[in-house]
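Numbering (the UniProt record's numbering), first residue to last: 1 to 294.
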């Protein structure tokens, strides 16, 4: 199994004795692991999930050694030995580490301009005048909300009194230092909601709850329960006047509009009943069988 090591060093007065509270360290290390796994998911989605383990802690400030491994199971190891994939796997791990370091450096700076090149790559100009050329997968990592959220969590210990910096180091990669003044740069940008095309369908729903105050009624469509806003003014007027009355298990045939949007929290849906086409009472009656029908 290919392995690659990197070290994380926390410095500051609070760490003089080489100790650090688990409540501060654990979330940060989990976030670093999550960020590295997000890089792998984007770069090599078909590979076994990256394993990130802790090596023995060294003295001096507070140092944690991480071991990146490309697959935890014996079967993967046997296949690699037979197919000589260890070298390729190791290079992949080095690539993940290099990209991890590079993203930290990039996010520390402010992006001034993004430009799509004829080659298909993206040119990013930073506020200090430096430029970075990125391929699609690297750009996807840079824009990943999951990755940005994880690395923001990774620098959270710097908000604690007495912890002044975090240093990342590894073989063949330039040492990276993050200080308290850098923390704000890692805040996750507000993500604009992406509106998706709405869809309309004619369906039957079972009425579960009538709500007059907030206007959203609760329904069941046979597979899931949901709230929907009634937009049919004629139907609502009949309900208010009492000409439309409801009982348990009533069903409605409706014209349902579904509106969806992608947010930082994930996919969200809103439901609207444009028109109530039919109200079917809930009482279920048996159809009588009078014998042969001619």
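Even for Gly, the Cβ is constructed at its ideal location relative to N, Cα and C.
task: Output the distance between the C-alpha atoms of residue 162 and residue 221, rounded to the nearest integer angstrom.
output: Translated into the one-based positions of the chain shown, residue 162 becomes position 162. Translated into the one-based positions of the chain shown, residue 221 becomes position 221. When rounded, the distance between both Cα atoms is 56 Å.
field: CA-to-CA distance, residue 45 to residue 167, given in whole angstroms
entry: Here residue 167 refers to the residue found at position 167 of the chain shown. Here residue 45 refers to the residue found at position 45 of the chain shown. Distance between the alpha carbons of residue 167 and residue 45: 29 Å.
message: Helix, strand or coil for residue 149? Go by DSSP, reduced to three states.
response: Residue mapping note: residue 149 aligns to position 149 of the chain shown, counting from 1. If DSSP states are grouped into helix, strand and coil, residue 149 belongs with the helices.
query: Are the CB atoms of residue 169 and residue 108 nearer to each other than 8 Å?
result: As a position in the chain shown, residue 169 is number 169, starting the count at 1. As a position in the chain shown, residue 108 is number 108, starting the count at 1. No, these two residues do not count as a Cβ contact at 8 Å.
query: Counting Cβ pairs closer than 8 Å, one from the stretch 8 to 15 and one from the stretch 123 to 142, do we hit at least three?
result: no
Three-state secondary structure (DSSP) of residue 81: Residue mapping note: residue 81 aligns to position 81 of the chain shown, counting from 1. Any reading at residue 81 must be qualified, since the residue scores a pLDDT of 39, below 50, and its modelled position is unreliable; no value is offered.
query: The alpha helix (DSSP H) spanning residue 254 covers which residue range?
result: What you label residue 254 is simply residue 254 of the chain shown in a count that begins at 1. Not the alpha helix (DSSP H): residue 254 falls in the beta strand (DSSP E), residues 251 to 263.
- prompt: Applying the criterion that 16 or more other CB atoms from any shown protein chain within 10 Å of the CB defines a buried residue, is residue 97 buried or exposed?
  reply: Translated into positions along the chain shown, residue 97 becomes position 97. Label assigned to residue 97: buried.
Distance between beta carbons of residue 255 and residue 273, contact taken as under 8 Å: Taking the first residue of the chain shown as 1, we reach residue 273 at position 273. Taking the first residue of the chain shown as 1, we reach residue 255 at position 255. The Cβ separation is near 7 Å, so the contact holds.
message: With DSSP as the reference, identify every bridge partner of residue 209, one or two as the case may be.
response: The count along the chain shown starts at 1 and reaches residue 209 at position 209. 218.
- request: Note down the Cα distance separating residue 121 from residue 211, rounded to an integer number of angstroms.
  value: Here residue 121 is taken as the residue at index 121 of the chain shown, counted from 1. Here residue 211 is taken as the residue at index 211 of the chain shown, counted from 1. Each residue's Cα considered, the two are about 53 Å apart.
message: Going by DSSP in three states, residue 23 sits in which element: helix, strand or coil?
response: Within the chain shown, the letter at position 23 stands for residue 23. Reduced to three states, the DSSP call for residue 23 is helix.
task: Could you tell me how far apart the beta carbons of residue 99 and residue 8 are, in whole angstroms, since I believe they sit closer than 8 Å?
output: Numbered from 1 along the chain shown, position 99 holds the residue referred to as residue 99. Numbered from 1 along the chain shown, position 8 holds the residue referred to as residue 8. At roughly 16 Å, the Cβ-Cβ gap does not stay under 8 Å, so residue 99 and residue 8 are not in contact.
- prompt: Among 137, 237, 207, 151, which residue has its Cα nearest to the Cα of residue 279?
  reply: Working through the chain shown from its first residue, we reach residue 279 at position 279. Among 137, 237, 207, 151, the Cα nearest to that of residue 279 belongs to 207.
Segment limits, alpha helix (DSSP H) that includes residue 234: For this step, residue 234 is matched to residue 234 along the chain shown. Note, residue 234: alpha helix (DSSP H), 233 to 241.
field: Distance, residue 33 Cα to residue 95 Cα
entry: Residue numbering aside, residue 95 sits at position 95 when the chain shown is read from its first letter. Residue numbering aside, residue 33 sits at position 33 when the chain shown is read from its first letter. Spanning the two alpha carbons is a distance of roughly 15 Å.
- prompt: What residues are listed by DSSP as bridge partners for residue 268?
  reply: Along the chain shown, one-based indexing puts residue 268 at 268. Looking at the DSSP assignment, residue 268 forms a beta bridge with 261.
query: Which term fits residue 151, buried or exposed, when burial requires 16 or more other beta carbons within 10 angstroms of its beta carbon?
result: Locating residue 151 in the chain shown gives position 151, where the first residue counts as 1. Buried, because 16 or more other Cβ atoms sit within 10 Å of the Cβ of residue 151.
- prompt: Cα separation between residue 257 and residue 197?
  reply: To locate residue 257, count along the chain shown from 1; it is residue 257. To locate residue 197, count along the chain shown from 1; it is residue 197. The alpha-carbon atoms of residue 257 and residue 197 are separated by roughly 11 Å.
- prompt: residue 245 to residue 190, Cα distance in whole Å?
  reply: As a first step, residue 245 must be located in the chain shown, where it is residue number 245. As a first step, residue 190 must be located in the chain shown, where it is residue number 190. For residue 245 and residue 190, the distance between alpha carbons rounds to 45 Å.
- request: Taking 8 Å as the cut-off, decide whether the C-beta atoms of residue 28 and residue 156 are in contact.
  value: In the chain shown, the residue the question calls residue 28 occupies position 28. In the chain shown, the residue the question calls residue 156 occupies position 156. The answer is yes: Cβ separation under 8 Å.
task: Check whether the Cβ atoms of residue 43 and residue 137 lie closer than 8 Å to each other.
output: Along the chain shown, read from residue 1 onward, the residue named residue 43 stands at position 43. Along the chain shown, read from residue 1 onward, the residue named residue 137 stands at position 137. Against a cut-off of 8 Å, the Cβ pair of residue 137 and residue 43 comes out as a contact.
- request: Hey, could you find the ends of the beta strand (DSSP E) residue 132 is sitting in?
  value: Looking up residue 132 in the chain shown gives position 132. That run of the beta strand (DSSP E) goes 131 to 134.
task: Go ahead and label residue 26 buried or exposed: buried means 16 or more other beta carbons lie within 10 angstroms of its beta carbon, across all protein chains shown.
output: As a working note, residue 26 is residue 26 in the chain shown. Classification of residue 26: exposed, given that the 10 Å Cβ count is below 16.
- prompt: Among 154, 249, 114, which residue has its Cα nearest to the Cα of residue 139?
  reply: As a first step, residue 139 is located in the chain shown; it is residue number 139 there, counting from the start. The shortest Cα separation from residue 139 among 154, 249, 114 belongs to 114.
message: If distances are taken between C-alpha atoms only, which option among 235, 282, 261 comes closest to residue 251?
response: Here the question's residue 251 lines up with position 251 in the chain shown. Minimum Cα distance to residue 251 is reached at 282.
- request: Compute the Euclidean distance between the alpha carbons of residue 226 and residue 269, then round it to the nearest angstrom.
  value: Start at 1 with the first residue of the chain shown, and residue 226 comes out as number 226. Start at 1 with the first residue of the chain shown, and residue 269 comes out as number 269. Near 10 Å, if we compare the C-alpha coordinates of residue 269 and residue 226.
- request: Within its chain, find whatever has a CB closer than 6 Å to the CB of residue 133; leave out the 5 residues flanking it on each side and keep chain order.
  value: For the purposes of this step, residue 133 is taken as residue 133 along the chain shown, with counting starting at 1. Closer than 6 Å at the Cβ level, and outside the excluded window around residue 133, lie 121, 123.
query: Would you call residue 285 buried or exposed, if buried means 16 or more other Cβ atoms sit within 10 Å of its Cβ?
result: Position 285 of the chain shown, counted from the start, is the residue given in the question as residue 285. Low per-residue confidence applies at residue 285: pLDDT is 47, beneath 50, and the placement is therefore not dependable, though the value from the model is reported in the following sentence. Flag for residue 285 reads exposed.
- prompt: What do you reckon, is the C-beta of residue 282 under 7 Å from a heavy atom of the ligand GDP?
  reply: No copy of the ligand GDP occurs in the structure displayed, which carries no ligand at all.
Reference residue 180; option with closest CA among 116, 267, 158, 22: On the chain shown, residue 180 is found 180 positions in, with the first residue counted as 1. For the residues 116, 267, 158, 22, the minimum Cα distance to residue 180 belongs to 158.
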